Every structure is written in C-alpha cells, then in structure tokens.
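There are 2 protein chains.
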Amino acid sequence: MVEDRKLAVLRAIVEDYVSTQEPVGSKALVERHRLGVSPATVRNDMAALEDEGFITQPHTSAGRIPTDKGYRLFVDRLSQVKPLSAAEKRAIASLLQGAIDLDDVVQRTVRLLAQLTRQVAIVQYPTLSRSTVRHVELVTLASTRLLLVLILSTGRVEQRVVELPEALDDDTVAGIRTALNRATLGEKLSDAAARLAEIPEQYDRDDRRPVAVIVAALVEAMSDHRSDERVVVGGTANLARFGDGFDASIKPMLEALEEHVVLLKLLGEATSPTSLTVRIGHEVPYQELSTTSVVATGYGPGEEALATLGIVGPTRMDYPGTMATVRAVARYVSKILDEG
Amino acid sequence: MVEDRKLAVLRAIVEDYVSTQEPVGSKALVERHRLGVSPATVRNDMAALEDEGFITQPHTSAGRIPTDKGYRLFVDRLSQVKPLSAAEKRAIASLLQGAIDLDDVVQRTVRLLAQLTRQVAIVQYPTLSRSTVRHVELVTLASTRLLLVLILSTGRVEQRVVELPEALDDDTVAGIRTALNRATLGEKLSDAAARLAEIPEQYDRDDRRPVAVIVAALVEAMSDHRSDERVVVGGTANLARFGDGFDASIKPMLEALEEHVVLLKLLGEATSPTSLTVRIGHEVPYQELSTTSVVATGYGPGEEALATLGIVGPTRMDYPGTMATVRAVARYVSKILDEG
DNA sequence: CATTGGCACTCGAAACAAGTGAGTGCCAAC
DNA sequence: GTTGGCACTCACTTGTTTCGAGTGCCAATG
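Those protein sequence lines, which keep their order, are chains A and B. At the far end of the first sequence sits residue 340, using my numbering, and the numbering has no gaps. At the far end of the second sequence sits residue 680, using my numbering, and the numbering has no gaps.
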C-alpha cells in the first residue's frame with residue numbers, strides 16, 4: 001500500500017516534470033494530483049525515493065527531478081501506452097500512403113516521426129544484407145560490356161557496369177542470367193553469395209573467366225555495405241525547442257547527428273517492430289549524449305526487421321506518447337514496404 | 341586621401357570585429373592597425389561612417405560594429421581574395437579525388453565545404469533539366485514488365501518499372517531501345533521529350549500502345565523535377581560555434597535547413613562558377629535569417645552551371661576567406677564532374 | 001506506525017546599489 | 001585636417017539584501 005503510493009508519487013513527479021520542465025515540490029504535487037495525502041507525507045515518500053536513487057534535487061532548496069533510474073522505472077512499470085489520437089493516425093496513413101519509391105518512403109517517414117514526436121527523428125535505410133533477391137538482370141551494352149541490375153525485396157535497385165575480359169555471345173549471356181536468377185531468387189544476400197560461387201565451374205574453359213567476372217561483380221554489389229550505413233535525420237529544428245539546460249548539450253547533439261556511424265550505434269540492433277528499445281541517459285552508448293534518451297524499433301516487410309528507426313530527445317520527454325508514436329509509425333512503414 | 345583613410349578604417353573595423361566578435365573602439369583600432377593617426381581622428385572618421393550608415397553602435401558607450409551596408413562595401417571594394425593555403429588545396433584535391441559516384445561527390449563536397457569554412461554548407465544536386473542523356477536501357481523483367489534505366493551526363497541514374505498493357509517480343513524491345521537512344525543520346529532533357537513523341541507513330545497498331553507507355557514513362561522520368569529540389573546540408577554542428585547573440589537565430593536557422601525549398605531560394609539562381617553571389621543580412625530572401633549571410637556559386641561540368649553550392653553563416657564572417665574557399669571547391673567539383 | 005501540522009533552515013533567484021572603465025562627442029589649440 | 005583634453009554615458013561587474021519555494025525534522029494524532 002505504502003509502496004504503491006511511493007510509485008504513484010514517482011509517476012506524478014515524472015509527469016509533472018516532463019510537462020513543466022521544472023523541479024516539482026511536494027505541495028505542487030498534491031495540488032495537481034489528488035493523492036489524498038498531505039504534502040508532509042509526500043515529502044517522506046520523496047525522501048525514500050531519493051535514498052533509493054529514483055529522484056534527486058538540483059540544489060538543496062529545490063523540488064525533485066527524476067534520475068535516469070527513475071525514468072527507467074517509470075518506463076518499465078508505471079507508464080501505460082497512450083493510444084494515438086485519430087488525427088495522428090490519419091496523419092500517418094495519409095502521409096505515407098502517397099510514397100512512390102523507397103527513397104520517398106524513408107524521407108516521409110523521417111518527417112512524420114519528427115513532426116509527431118517533436119523530437120529529432122532518425123531512420124536507417126533497409127540493410128542490403130538481410131533483404132532478399134527479387135530479380136537479377138544482365139543487359140548487353142557493348143560486346144565486352146554488361147549492365148548488371150540487382151533488384152531487392154525492399155525495392156532497392158543496385159546497378160554495376162561490368163567490363164568483360166572477352167566477348168560473350170547472347171545465348172551465353174541469357175544462360176548466365178538464368179543461372180544467376182536460379183541461384184539467388186528469394187535468397188538472402190548473405191546466403192546468395194555462397195551459391196553463386198559454384199556457377200563459374202559449370203562453364204568450360206573459354207567462358208569461365210568472363211563468367212567469373214560477372215559473378216564477382218554481383219557478389220560485390222550484394223556485399224556493398226556502403227548503403228547499410230545510410231541514415232536520414234529530420235526535425236533538427238526541434239533541438240531549439242529544448243531550450244534551458246539542454247542548450248549545453250545541443251552541440252554534441254549536432255555533432256552526433258552528422259556522424260552517421262554514431263547514429264547507427266544509437267539506434268542499436270534492429271529489434272522486431274513489436275518491441276521497442278528505450279535507452280535513457282547514461283544507457284545511451286555515447287558519453288556526450290548522457291542527457292538524452294533514444295526510443296527506437298525495427299521495421300521492415302513482414303515480421304523481420306531490416307532496419308531501425310527512432311527518435312532522440314532529452315531524457316525529460318513524454319515517454320508514453322513518444323513510444324506509442326514510434327511504434328505506430330514503424331508498423332505502418334512495415335506495412336507499406338510489405339505491399340510495395 | 342581622407343576618403344581613403346575612412347575606407348581603411350572601415351576595413352579595419354570589419355576585420356577586427358570578425359576576429360574578436362566584439363565592438364571595436366577607436367583606441368584599440370589604432371593600436372592594432374598602424375593607421376598613423378590618433379584615436380581622435382579615427383573617431384571623427386567613425387562618426388562620418390556612422391552617418392553614412394556603414395557602422396553602428398550597439399549602445400551609446402560601446403565601440404562600433406559594421407552594418408549590413410558596411411559589410412557590403414567591404415565585400416565589394418575593400419577585400420582582396422585570400423589565396424588558399426597549400427594544406428587547404430591538398431585537402432580539397434585529396435577528398436574529392438576518391439569519390440566514386442554522384443552521390444558520393446555531393447556528399448564529400450558538403451563535408452569539405454563545412455570543414456574548410458567552418459560554416460553550414462549547402463549543396464544542390466545537379467538539376468535533371470539541364471543535363472544530357474548518356475544512355476537509355478530497357479530490361480525485360482517479365483513478359484509485361486520492363487525496367488527502364490536512364491543514365492545522365494552528370495552520372496545520375498533514374499529507373500522506373502513499367503507495366504505494359506500487352507507483351508512485346510524481345511526483338512521489338514531491342515528495336516525500341518535503339519530508337520530511344522537514337523532520339524535522346526546527347527540531347528538535353530528538355531529537348532529530348534519532343535523528339536521522343538514521334539517514336540510511337542513508327543510502330544504499327546499492335547505495338548503502338550505498349551510503346552507509347554514506355555515513351556510516356558521515359559518522358560515522365562526525364563521531367564521528374566523532384567530531384568531538382570534535392571539539397572544536402574552539412575556542418576550543422578558549426579551552428580553551435582556561433583554562440584553569443586547568434587544563439588537566438590539558431591532556431592530559424594535550423595528550421596530553414598529542414599526546408600529544402602527555402603534553401604534553394606537561399607542559394608539562388610545558379611551563376612557561373614567564376615562569379616560568386618554574396619548576400620548579406622537583410623539581402624537574404626528570408627526574413628528570419630536577417631542576421632546571416634550566404635555565399636554561393638554555381639558548379640557543373642564545363643562552364644555551365646547545373647546547380648549551386650554555398651555556405652550560410654553569421655553576417656559576421658570572414659568573407660575573403662570564405663569566398664575563396666567556396667569558389668575553389670566549386671571549381672574543383674566542376675572539374676571532377678567534367679572528367680567523370 | 002503511518003500520517004500530519006508546525007517550524008526552523010537552506011539557498012537559488014530576483015532586486016537593488018555602487019563602482020569601474022571602455023568608449024564617445026565636442027571643443028579649443030595646433 | 002589633426003590632435004590632446006575633458007566631461008559624459010552606460011553596459012557590465014561585484015556585493016548586498018530580500019524573498020520564497022521547498023526541505024528535513026519532530027512532536028502530536030488517530
């Protein structure tokens with residue numbers, strides 16, 4: 001019973017602090033939250049919560065603010081998912097509906113996330129490595145020059161121009177195309193490479209070298225992890241909103257946003273779209289951002305997560321609302337990718 | 341003679357203010373600039389300069405700072421181009437040398453600009469509309485499904501999947517490909533569309549409809565001005581450096597940086613790489629950014645400017661140095677595009 | 001034993017006061 | 001046209017005071 005009230009107090013502190021941005025005192029608490037007890041009682045609870053490390057005082061004669069540990073408890077046990085408003089659902093549906101290609105989907109998603117959460121949004125491009133092959137095409141450009149086109153399940157298209165050491169006749173090219181598709185269609189890129197290795201062996205002396213060149217180019221295109229590292233950032237203007245003490249951390253924040261490698265690390269491993277990753281303050285794997293939190297989740301066609309998206313904001317954020325939005329957007333994007 | 345000294349004083353004020361960020365007084369001026377006259381004389385000149393609107397006082401008992409008009413005069417008549425250091429030249433050459441495709445060039449350019457000028461860098465993608473066709477390719481994906489690939493002189497590659505109303509045999513496809521290339525190779529996109537219109541007429545009843553669909557898709561890809569509006573921004577972390585009074589304008593700045601349309605307007609019309617556009621303070625076509633300046637220039641293969649690049653920073657910036665850097669980078673990028 | 005009202009105490013923030021000095025404008029002299 | 005002298009201005013700094021929200025502790029209460 002007492003324990004319950006202590007948690008209620010913590011919840012109230014978090015909610016108040018998030019909305020007012022100011023340390024919350026015992027008196028203000030009982031007024032705003034009908035706790036049914038006196039300020040003195042709340043003070044006792046606060047003292048206990050402080051001993052346990054869930055809240056702290058900026059200075060002696062001020063109210064309390066939650067610690068990272070306090071937010072953690074709040075997120076894990078005290079918050080209930082806030083359902084999205086109808087307007088938000090509509091915004092998500094209508095904005096993403098009109099997307100025309102993968103670039104566009106990513107672009108719109110980042111905008112949407114930034115607008116709805118009013119935080120800085122980060123969206124990673126679907127990784128090549130976990131997507132599957134939809135089609136491989138070979139086009140003869142000249143006698144010793146081929147265009148190699150690789151189409152993936154995510155809609156991404158990779159192309160390479162291949163210079164051959166010697167000419168191949170059209171029938172042979174057609175044969176190779178069939179072989180390539182047979183070996184890779186529907187396969188994950190990671191698996192496909194192994195199966196491709198066998199192809200050149202099926203050709204006789206004359207053709208083996210050019211075929212090997214083609215296969216090599218394809219493997220290279222499949223393992224081109226450059227695009228794995230692509231991330232798009234949006235809503236940086238929301239940084240200015242943070243104001244106050246957050247000003248100091250705006251610089252490391254801006255720096256981090258330019259370092260895509262850091263961003264990828266922030267987003268972390270892609271989790272299934274059904275579960276959210278929330279990292280709070282010091283849990284964020286980047287020293288300079290210890291006053292920020294990250295809310296991220298995976299997304300991708302079907303149930304598997306091909307990439308990650310999420311938001312970064314001050315530890316002092318509306319977790320229930322943000323989490324709901326991030327999850328909803330991730331689900332919707334996944335659905336779009338599934339259909340496309 | 342007297343007029344000359346007044347200009348020398350203005351120059352000195354601009355230089356000092358830019359480097360110290362503090363209002364500069366008459367005494368400090370004569371000490372740092374060996375003007376050969378007494379502070380009192382300088383004061384007289386300052387009073388005149390203030391009357392003419394080139395400098396102003398933040399408050400009565402402070403030194404002077406340049407007005408937008410003062411910077412304008414400085415840029416137009418008082419500054420000489422600062423030659424780049426060897427290190428800078430090396431940095432430009434080595435960073436841009438390694439670029440592998442158009443995306444990469446743009447990416448590296450924006451980084452480079454941001455690093456060298458320590459300002460926020462903006463680079464517009466080469467416009468589709470003014471580039472020429474290097475190659476058109478058709479790939480059969482399925483009996484009624486083609487992949488259309490358009491390769492442009494700037495290295496940009498556009499692709500579209502085309503659904504045909506009825507099947508076409510391979511020979512016909514090959515014929516169409518030849519016709520498309522013959523009509524468009526080397527043409528500007530704006531001219532190419534007209535020449536494409538005639539193609540379907542050359543086919544008989546059966547094939548005319550699918551051919552028309554293909555041509556329509558190609559025209560659509562060519563006139564897709566979405567990518568005209570693509571800009572890349574870098575060096576936002578430099579915003580944090582501005583500090584001081586510039587803090588207030590960091591918010592509109594961040595907002596502007598998210599609005600690509602605004603950015604394009606800032607960069608303005610693409611000018612030839614030989615001439616720079618400098619907009620100072622209120623000259624910037626965007627109310628909220630009246631404490632910032634823009635230095636921009638065109639770039640592109642050959643002498644024609646396909647797009648614009650530049651930087652945005654506080655009016656209080658090192659104009660000679662920045663202008664030299666922007667120009668040098670633009671020239672170098674143009675050269676790279678020319679070769680690639 | 002949890003709860004509560006009372007009370008002394010702390011300490012940041014705001015308000016106020018005085019001192020300092022860089023910088024100015026003006027003027028008479030050179 | 002230039003200069004030294006001089007009175008004046010006013011932002012900024014520093015020190016002092018006041019104010020009040022908020023706390024911790026304690027004795028009283030149901």
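Yeah, the Cβ is synthetic: ideal placement off N, Cα and C, and Gly gets one too. Here the structure is a predicted model, which is why all the values come from computation and not from measurement.
In this structure, does DSSP put Val489(B) in helix, strand or coil? Translated into the one-based positions of the second sequence, residue 489(B) becomes position 149. It is a strand residue.
Taking C-beta pairs closer than 7 Å, name the residues in chain B that Glu339(A) reaches, listed in chain order. Translated into the one-based positions of the first sequence, residue 339(A) becomes position 339. Those within 7 Å of Glu339(A) in chain B number zero; the least Cβ separation is about 15 Å.
Does the segment 164 to 172 of chain A come close enough to the segment 203 to 213 of chain A to have 3 or more Cβ pairs within less than 8 Å? The segment 203 to 213 of chain A and the segment 164 to 172 of chain A touch, with three or more beta-carbon pairs separated by less than 8 Å.
Going along chain A, which residues have a C-beta under 8 Å from Glu397(B)? Mapped onto the second sequence, residue 397(B) falls at position 57. Note that residue 397(B) is Gln in the sequence shown here, rather than Glu. Ordered by position in chain A, no residue passes the 8 Å Cβ test against Gln397(B), which lies about 28 Å from the chain.
CB-CB under 7 Å to Gly245(A), same chain, minus the five flanking residues each way: which ones, in chain order? Residue 245(A) sits at position 245 when you count from the first residue of the first sequence. Confidence at Gly245(A) is low in this model, with a pLDDT of 46, below 50, so the placement of that residue should be treated as unreliable; the coordinate-derived value is given next. By the criterion of a C-beta distance shorter than 7 Å, Gly245(A) is surrounded by no residue of its chain, once the five residues flanking it on both sides are discounted.
Please look up how many angstroms separate the CB atoms of Ala136(A) and Asn181(A), rounded, as I've assumed it's under 8 Å. Position 136 of the first sequence holds residue 136(A). Position 181 of the first sequence holds residue 181(A). Residue identity differs from the one stated: residue 136(A) is Val in this sequence, not Ala. Contact between Val136(A) and Asn181(A) holds: CB atoms are separated by about 5 Å, below the 8 Å threshold.
Glu538(B) to Val513(B) span [Cα, whole Å]: Position 198 of the second sequence holds residue 538(B). Position 173 of the second sequence holds residue 513(B). One C-alpha to the other measures close to 17 Å.
contact_flag[the segment 287 to 307 of chain A, the segment 265 to 276 of chain A] where n(CB pairs < 8 Å) is 3 or more: Short answer: they touch.
If you follow the alpha helix (DSSP H) that Arg327(A) is part of, which residue opens it and which one closes it? Looking up residue 327(A) in the first sequence gives position 327. Taken as a continuous stretch (DSSP letters only), the alpha helix (DSSP H) holding Arg327(A) covers Tyr319 to Glu339.
By DSSP, does Glu506(B) sit in helix, in strand, or in coil? Taking the second sequence and counting its residues from 1, one reaches residue 506(B) at position 166. Coil, per DSSP.
Would you kindly report the start and end of the unbroken beta strand (DSSP E) that includes Thr648(B)? Within the second sequence, residue 648(B) is the residue found at index 308, counting from 1. Boundaries of the beta strand (DSSP E) harbouring Thr648(B): Ala647 to Pro654, taken from the DSSP string.
With C-beta atoms as the reference, is His600(B) less than 8 Å away from Val624(B)? Walking along the second sequence from the start, residue 600(B) turns up at place 260. Walking along the second sequence from the start, residue 624(B) turns up at place 284. The answer is no: Cβ separation not under 8 Å.
Looking at the structure shown, is Gly585(B) part of a helix, part of a strand, or coil, going by DSSP? Sequence index remark: in the second sequence, residue 585(B) carries index 245 (1-based). Reliability of the predicted coordinates at Gly585(B) is poor, the pLDDT of 46 falling under 50, and no value is obtained from them.
For the 8 Å Cβ check, are there 3 or more pairs between the segment 642 to 659 of chain B and the segment 408 to 424 of chain B? Counting Cβ pairs under 8 Å, three or more are found: they touch.
Given that a residue counts as buried once 16 or more other Cβ atoms are within 10 Å of its Cβ, and exposed if not, what is Ser356(B)? For the purposes of this step, residue 356(B) is taken as the residue at position 16 of the second sequence. For clarity, residue 356(B) is Asp in the given sequence; the question names Ser instead. Asp356(B) counts as buried, since no fewer than 16 other beta carbons sit within 10 angstroms of its beta carbon.
For the pair the segment 26 to 40 of chain A and the segment 6 to 16 of chain A, tell me if three or more CB-CB distances fall below 8 Å. Look at the beta carbons and you see the segment 26 to 40 of chain A touching the segment 6 to 16 of chain A: at least three pairs across the two are nearer than 8 Å.
Alpha-carbon spacing of His33(A) relative to Arg241(A), whole angstroms: As a working note, residue 33(A) is residue 33 in the first sequence. As a working note, residue 241(A) is residue 241 in the first sequence. Taking the straight line from one Cα to the other gives about 27 Å.
Proximal residues of chain B, C-beta to C-beta of Gln420(A) below 8 Å: No answer is possible for residue 420(A): it lies beyond the span of chain A, which begins at 1 and ends at 340.
Rounded Cβ spacing between Leu309(A) and Gln124(A) (contact assumed at less than 8 Å): Against the first sequence, residue 309(A) aligns to sequence position 309. Against the first sequence, residue 124(A) aligns to sequence position 124. Contact between Leu309(A) and Gln124(A) holds, with the beta-carbon distance rounding to 6 Å and staying under 8 Å.
May I ask you to list the residues that DSSP assigns as paired with Pro66(A)? Residue 66(A) sits at position 66 when you count from the first residue of the first sequence. Ile55(A), per the DSSP bridge assignment.
Whether Val358(B) touches Ile651(B) by CB criterion (8 Å): Residue 358(B) sits at position 18 when you count from the first residue of the second sequence. Residue 651(B) sits at position 311 when you count from the first residue of the second sequence. At least 8 Å separates the beta-carbon of Val358(B) from that of Ile651(B).
For Thr20(A), which residues from the same chain have a beta carbon less than 7 Å from its beta carbon, with the 5 sequence-adjacent residues on both sides left out? As a working mapping, residue 20(A) is identified with position 20 in the first sequence. Excluding sequence neighbours, Thr20(A) sits near nothing in its chain.
Just the chain A side, please: which residues come within less than 9 Å of Glu598(B) by C-beta, in chain order? Taking the second sequence and counting its residues from 1, one reaches residue 598(B) at position 258. What Glu598(B) touches in chain A: Arg111, Ala114, Gly234, Gly235, Thr236 and Ala237.
At the 8 Å Cβ level, is Ile462(B) part of the contact set with chain A, yes or no? In the second sequence, the residue the question calls residue 462(B) occupies position 122. At a cut-off of 8 Å between C-beta atoms, Ile462(B) does not count as an interface residue with respect to chain A.
Could you tell me the boundaries of the alpha helix (DSSP H) in which Tyr357(B) lies? Taking the first residue of the second sequence as 1, we reach residue 357(B) at position 17. Element bounds for Tyr357(B): Val342 to Thr360.
Return no unless some Cβ of chain B is closer than 8 Å to the Cβ of Glu187(A). In the first sequence, the residue the question calls residue 187(A) occupies position 187. With a threshold of 8 Å between beta carbons, Glu187(A) makes no contact with chain B.
Please decide whether Val479(B) counts as near chain A, where near means a Cβ-Cβ distance under 8 Å. For the purposes of this step, residue 479(B) is taken as residue 139 along the second sequence, with counting starting at 1. Closer than 8 Å: yes.
Any idea which residues DSSP pairs Tyr639(B) with across the strands? Indexing the second sequence from 1 puts residue 639(B) at position 299. Looking at the DSSP assignment, Tyr639(B) forms a beta bridge with Ala647(B).
Just to confirm the assignment, what range does the beta strand (DSSP E) spanning Arg619(B) have? Taking the second sequence and counting its residues from 1, the one referred to as residue 619(B) is at position 279. Counting along the chain, the unbroken beta strand (DSSP E) around Arg619(B) starts and ends at Thr617 to Ile620.
Since I believe Leu389(B) is in contact with Val349(B) (beta carbons under 8 Å), could you give me their beta-carbon distance rounded to a whole number of angstroms? Within the second sequence, residue 349(B) is the residue found at index 9, counting from 1. Within the second sequence, residue 389(B) is the residue found at index 49, counting from 1. Contact flag correct, Cβ pair sits at about 7 Å.
Residues of chain A with a CB under 9 Å from the CB of Ile590(B): which are they? Here residue 590(B) is taken as the residue at index 250 of the second sequence, counted from 1. Taking a Cβ-Cβ cut-off of 9 Å, the neighbours of Ile590(B) in chain A comprise Leu239, Ala240 and Ile250, given in sequence order.
Can you round the beta-carbon distance between Val669(B) and Leu490(B) to whole angstroms, since I take them to be within the 8 Å contact cut? Reading the second sequence from its first residue, position 329 is the one you call residue 669(B). Reading the second sequence from its first residue, position 150 is the one you call residue 490(B). The pair is not a contact, with the Cβ atoms about 28 Å apart (cut-off 8 Å).
Run through DSSP, which three-state label would Thr632(B) get? The residue labelled residue 632(B) in the question sits at position 292 within the second sequence. DSSP places Thr632(B) in strand when its eight states are reduced to three.
DSSP on Glu623(B), reduced to helix/strand/coil? For the purposes of this step, residue 623(B) is identified with residue 283 of the second sequence, where counting begins at 1. The DSSP-derived three-state label of Glu623(B) is helix.
Determine which residues of the segment 269 to 287 of chain A have a Cβ less than 7 Å from any Cβ of chain B, and write them out in chain order. Flagged: no residues at all.
How many whole angstroms separate the CB atoms of Met562(B) and Leu442(B), which I take to be in contact at a CB cut-off of 8 Å? Within the second sequence, the letter at position 222 stands for residue 562(B). Within the second sequence, the letter at position 102 stands for residue 442(B). That pair is no contact at about 17 Å.
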